[in-house]
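Residues 238 to 331 in my numbering are what the sequence shown spells out, letter by letter.
C-beta atoms are modelled at their ideal positions from N, C-alpha and C, and glycine is treated no differently.
A short worksheet on the structure shown next.
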Amino acid sequence: MTHGAIILTADGQLLSAWQQHMHSKLAPLQDKLNQLSELFASHSKSEQSHLVFTPHVDSFNNGSVNEELTIYLAIKHAQKDHQALVELAKNCPR
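Okay, here's the thing in structure tokens:
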């Protein structure tokens with residue numbers, strides 16, 4: 238897996254302890270990640286932004302229930318304008 242949030246056992250099953258660990262780390266971040274997702278999605282819809290935004294989500298089990306959680310947010314500029322990304326970062330809520 239490319240992001241490390243999901244680990245499989247040798248027989249291809251999800252590693253339960255890692256699922257629970259990642260759930261405990263990601264769950265408290267969901268409000269902030271959702272806030273940023275809305276901001277980036279809104280900004281990327283503007284004609285002049287040229288932003289390509291993708292939230293990366295997967296299912297995690299906290300020991301009793303599966304829950305879809307955002308792992309990370311990927312943002313790229315279609316014309317590779319680094320300064321546009323710097324300006325976006327300056328305007329992000331902290």
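Counting only runs of 4 or more residues that sit fully inside the segment 263-309, the alpha helix (DSSP H) segments are 267-281, in chain order. Rounded to whole angstroms, the gap between the alpha carbons of SER301 and MET259 is 14 Å. Across the structure, LEU252 and ILE243 are spaced so that their CA atoms are roughly 8 Å apart. For ALA247, there is no enclosing alpha helix (DSSP H), as DSSP marks it with neither H nor E. Just measuring C-alpha positions, the residue of ALA264, ALA254, THR291 and GLN316 sitting nearest LEU310 is THR291. DSSP places ALA326 inside the alpha helix (DSSP H), whose first and last residues are 319-327.
ALA311 sits in a strand when the DSSP states are folded into three classes.
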